[in-house]
Amino acid sequence: MLSLPTNITVFAAPTTKTSQRTSFNLKTLYTPRDVTEALSYVESPASDSKGDFHLRAYSLLLHVAITTRSLQLGKSIHGHLLVRTHLLREQTLVSKLITLYSACGQIEDAGRLFHESSFEDAQSLWEAMLIAYTKNLQPKNTLLLYAQMCDRRMGQIGNYAFSAALKASCDLLDLGFGRAVHAQVVKLGASKANQVVNNALLRLYAECGCMDDARRLFEGMQEKNIVSWNTFLDGCARWNLLVDCIQLFSRMQLDNVGFSWVTLTTILSVCARLSALQTGKEIHAQVVKSENKPDTALQNSLMDLYAKCGALGLSQQVFTQMVKRDLTSWNVMMTGYATHGFVNEALRLFDEMVKLGFRPDGITFLALLSCCSRSGAILEGRKLFDRMERDFGIQPTVEHYACLVDLLGRAGLICEALSVVEKIPMNPSGSIWGSLLNSCRLHNNVELGEIVARRLFLLEPNNAGNYVILSNIYAKAGRWEDVRRVREMMEKREIKKNAGCSWIQIGNKVHSFVAGGATQFRSSPEYKKVWSELEESMAKAGYVPDTSVVLHNVDDDTKALWVCAHSERIKTSLMNTTYLCIQAKKVGFSSLLSDGKTIQFYLHVSRCMNYQCVSVVGQVRVLFGMVSIWE
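Here our numbering is used: the first residue of the sequence shown is 173, the next is one more, and so on.
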């Protein structure tokens with residue numbers, strides 16, 4: 173038995189005895205919430221009152237059907253209206269029927285009703301159908317109908333039609349159509365466009381990467397709500413305008429805009445990419461102070477931030493305290509363990525997740541396979557790859573095969589890795605061949621490296637990394653003429669290797685470094701003192717600079733200096749690094765001097781590709797000006 177919500181207001185206060193009786197009867201029927209009786213009453217002779225009673229009654233019942241998404245009730249009402257054919261000439265009821273079928277996912281019925289209606293130029297019906305197509309994820313039909321609406325010149329197009337067309341343009345990434353709609357909005361008058369239309373325009377430009385247009389629109393908006401700020405913030409994050417994101421978030425706080433969980437989820441993802449641990453902690457503090465409990469997506473972003481910034485303990489703490497976890501929560505925590513090389517913890521978490529009834533997806537296995545690859549857990553990696561399809565019905569993607577090839581290649585099983593590549597059911601991507609090429613570099617397999625490199629040069633002719641790896645393979649083999657040939661090939665094809673860049677946050681300022689850069693800083697007495705201490709500590713731990721890939725016509729001391737002056741180590745001398753890759757068992761840091769204030773950071777020494785590095789997570793206390801080493 174279908175029932176009506178008890179909080180629906182039926183009619184306004186009655187003015188006559190007849191309407192008084194009508195209202196009383198309907199309210200009496202609504203109290204037991206029996207829809208069948210309500211429909212029977214509307215059809216009974218007792219309801220044959222004068223005026224627009226039936227129009228109002230059916231309109232109310234359709235509203236209830238739309239609110240509750242009751243297709244059965246809606247079809248019953250539609251059947252009743254087919255008997256009272258004069259009511260189907262009412263635009264309001266036809267529009268509500270279209271909305272009803274749309275809300276229930278019956279878009280074909282909605283379209284049939286629209287095309288069979290006699291209101292060819294009724295703007296409300298066109299708008300209802302536009303919204304129906306939009307909500308049922310049919311953007312092409314939305315734009316087609318909008319174009320037909322414009323061709324009919326049925327009057328001034330309204331904001332409902334604008335917002336539907338803009339959303340469809342955004343879904344299709346059809347910037348041209350979206351700009352045409354924008355021109356119509358401007359022609360109408362920007363002041364008449366409501367906030368929904370402006371936000372839809374903002375989202376269109378942000379999704380299509382037109383951030384200059386998005387910025388102009390955003391700054392020109394007379395009124396901005398939290399959706400406007402979140403849309404522009406998400407656009408900046410999507411197109412790697414990370415510093416702009418931080419500045420925009422600061423502006424939101426200064427202007428007392430407030431924030432939603434969506435705001436904080438976005439800005440936390442930016443902090444994770446910038447390794448801005450301190451800013452992330454400040455945002456976490458705001459979450460704790462809030463009276464509302466954070467949603468799962470926000471907590472997932474917090475976990476991801478801490479894991480990527482080396483604060484794995486804090487990531488575990490957030491995970492443990494979560495009341496409600498989704499699959500993403502488990503995936504983020506497993507990815508955190510994978511990043512830090514804790515394969516046993518990742519596998520334990522996977523088993524726990526499966527026991528609790530969560531079904532893993534492709535991302536889960538990507539995290540686990542990459543963890544096995546970094547840790548050299550060959551047996552576990554093979555088992556996981558086999559279980560994907562056998563136990564969980566997940567078809568391996570190119571990314572999964574790339575992880576398997578990387579796992580085998582790093583372990584020196586290059587022939588087996590090549591066999592996997594040859595048996596892949598889809599065309600191997602550049603990432604798969606690139607992983608195999610890197611394995612050839614690790615294990616000095618020049619012959620296979622040349623074959624793989626030729627494949628890569630066809631697949632990714634402008635990827636400088638592939639040329640550099642082949643050059644390093646030749647350099648380690650002492651084939652300097654081939655090294656020169658590869659470099660000439662890069663010059664001829666105008667391919668340049670981007671300099672490695674590292675950055676670190678001290679207070680509210682982000683310091684960035686490139687390999688061989690920061691010459692003034694590296695010339696300072698403080699740097700030389702710190703670096704000599706660091707070199708001594710690394711040497712005691714057994715570290716020897718790998719100079720085999722440095723140009724052969726350079727003396728050994730200069731080679732070692734070049735190898736040791738990459739951006740991560742320059743940054744380490746200033747403060748600390750989140751991913752410092754060195755072949756040492758343990759290196760720690762305590763403080764650099766800055767206004768007498770101590771800032772805490774986490775140092776993570778990740779595993780090298782040949783497993784000679786070990787994972788270290790330690791706390792780093794930083795003061796600007798000087799670094800000291802601790803064991």
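Every residue gets a Cβ at the ideal spot worked out from N, C-alpha and C, and that includes glycine.
Quantities reported herein were computed from a predicted structural model and do not represent experimental measurements.
### Query
Rounded to a whole number of angstroms, what is the C-alpha to C-alpha distance between Phe349 and Asp498?
If I take the Cα positions, the gap works out to 38 Å.
### Task
Measure from the alpha carbon of Ser447 to the alpha carbon of each residue in Gly581, Ala647, Gly482 and Ile455, then state which is nearest.
Nearest option by C-alpha distance: Gly482.
### Query
What first and last residue would you give for the alpha helix (DSSP H) that runs through Leu360?
Run containing Leu360: Leu347 to Leu360, per the alpha helix (DSSP H) assignment.
### Query
Counting Cβ pairs closer than 8 Å, one from the stretch 580–587 and one from the stretch 540–553, do we hit at least three?
Yes, they touch.
### Task
Using three-state DSSP, classify Glu660 as helix, strand or coil.
For Glu660, the three-state secondary structure derived from DSSP is helix.
### Task
Can you grab the Cα-Cα spacing for the pair Val786 / His512, in whole Å?
Any answer about Val786 is weak, because its pLDDT of 32 lies below 50 and its placement is not dependable; what the coordinates show is given next. Distance from the CA atom of Val786 to the CA atom of His512, rounded to whole angstroms, is 9 Å.
### Task
With a threshold of 16 other CB atoms inside 10 Å of the CB of Pro597, please say whether the residue is buried or exposed.
Looking at its Cβ environment, which holds fewer than 16 other Cβ atoms inside 10 Å, Pro597 is exposed.
### Message
Less than 8 Å between the beta carbons of Leu338 and Leu309, yes or no?
### Response
Leu338 is not a Cβ neighbour of Leu309, given a cutoff of 8 Å.
### Task
Look up Pro633 in the DSSP assignment and say whether it is helix, strand or coil.
Here Pro633 sits in coil by DSSP.
### Query
Taking the alpha helix (DSSP H) that Gln488 falls in, what are its first and last residues?
Looking at the DSSP string, the run of the alpha helix (DSSP H) that includes Gln488 is Leu484 to Gln493.
### Backbone CA spacing between Leu243 and Ala355 [nearest angstrom]
Cα to Cα, Leu243 sits roughly 39 Å from Ala355.
### Task
Provide the residue span of the alpha helix (DSSP H) that contains Asn366, from first to last.
Per DSSP, Asn366 belongs to no alpha helix (DSSP H) and is neither H nor E.
### Query
Going by Cα to Cα distance, which pick from Lys555, Asn635 and Met505 is closest to Gln471?
Of the listed residues, the one whose Cα sits closest to Gln471 is Met505.
#### Entry: Collapsed DSSP secondary structure at Trp401 in the structure displayed
In the three-state reduction of the DSSP assignment, Trp401 falls in the helix class, which pools H, G and I.
### Query
Around the C-beta of Val255, are 16 or more other C-beta atoms found within 10 angstroms, so that it is buried, or is it exposed?
Residue environment: Val255 is assigned as exposed (fewer than 16 neighbouring CB atoms within 10 Å of its CB, all protein chains considered).
### Query
Which value, in whole angstroms, describes the spacing of the CA atoms of Pro568 and Arg627?
If you draw a straight line from the Cα of Pro568 to the Cα of Arg627, it is about 22 Å long.
#### Entry: Ser231 beta carbon less than 8 Å from that of Gln263
No, these two residues do not count as a Cβ contact at 8 Å.
#### Entry: Residues of its chain near Ser289, where Cβ-Cβ distance is below 7 Å and the 5 sequence neighbours each way are ignored
Around Ser289: Val266 and Leu297.
### Query
Using DSSP with H/G/I as helix, E/B as strand and the rest coil, what is Cys380?
In the structure shown, Cys380 falls within a coil segment according to DSSP collapsed to helix, strand and coil.
### Query
What's the C-alpha gap between Gln489 and Leu474?
One Cα belongs to Gln489, the other to Leu474, and the distance between them is close to 10 Å.
### Among Lys555, Gln367, Val357 and Leu642, nearest to His615 - alpha-carbon criterion
Per the Cα distances, Leu642.
### Task
Report all residues from its chain with a CB closer than 7 Å to the CB of Leu477; omit the five preceding and five following residues, and keep chain order.
Excluding the 5 residues flanking it on each side, Leu477 has same chain C-beta neighbours closer than 7 Å at Leu440, Cys443, Ala444 and Gly452, in chain order.
#### Entry: Whole-angstrom C-beta distance between Ile586 and Ser611, which should lie under 8 Å
The beta-carbon separation of Ser611 and Ile586, rounded to 5 Å, stays under the 8 Å limit for a contact.
### Message
Is it buried or exposed, Val655, if we count other Cβ atoms within 10 angstroms and call 16 or more buried?
### Response
Under a 10 Å Cβ-count criterion, Val655 is classified as buried, with 16 or more other Cβ atoms of the shown protein chains found around its own Cβ.
### Task
Below 8 Å on the Cβ atoms is my guess for Thr271 versus Ile249; work out the distance and round it to an integer in Å.
So it is not a contact: roughly 12 Å between Cβ atoms.
### Task
State the Cα-Cα distance for the pair Ala539 and Ala510, rounded to the nearest angstrom.
Distance between the alpha carbons of Ala539 and Ala510 is about 6 Å.
### Task
State the start and end residues of the unbroken alpha helix (DSSP H) segment that holds Asn599.
Segment: none, Asn599 is in no alpha helix (DSSP H) and carries neither H nor E.
#### Entry: Simplified DSSP state of Pro568, which is helix, strand or coil
In the structure shown, Pro568 sits in coil (DSSP, three-state: anything other than H, G, I, E or B).
### Message
Which residue wins for smallest C-alpha separation from Glu571, given the options Cys544, Asn313 and Phe537?
### Response
Looking only at Cys544, Asn313 and Phe537, the smallest Cα-Cα distance to Glu571 is reached by Phe537.
### Message
Let me confirm a value: Thr492 is counted as buried when at least 16 other C-beta atoms fall within 10 Å, else exposed. Which label applies?
### Response
Flag for Thr492 reads exposed.
### Query
Mind checking Pro633: buried by the 16 CB within 10 Å criterion, or exposed?
The residue is exposed, with fewer than 16 neighbouring Cβ atoms inside 10 Å.
### Task
Can you say whether Val460 is buried or exposed, counting buried as having 16 or more other CB atoms within 10 angstroms of its CB?
It counts as exposed.
#### Entry: Glu622 versus Arg554 - alpha carbon distance
Roughly 27 Å between the two C-alpha positions.
#### Entry: Residue range of the alpha helix (DSSP H) that includes Met301
Its alpha helix (DSSP H) spans residues Gln295 to Lys307.
### Query
Going straight from the alpha carbon of Arg387 to that of Leu484, what length do you get?
Arg387 and Leu484: Cα-Cα distance of roughly 36 Å.
### Query
With 16 other CB atoms within 10 Å as the buried threshold, where does Ala711 fall?
Counting the other Cβ atoms within 10 Å of the Cβ of Ala711 gives fewer than 16, which makes it exposed.
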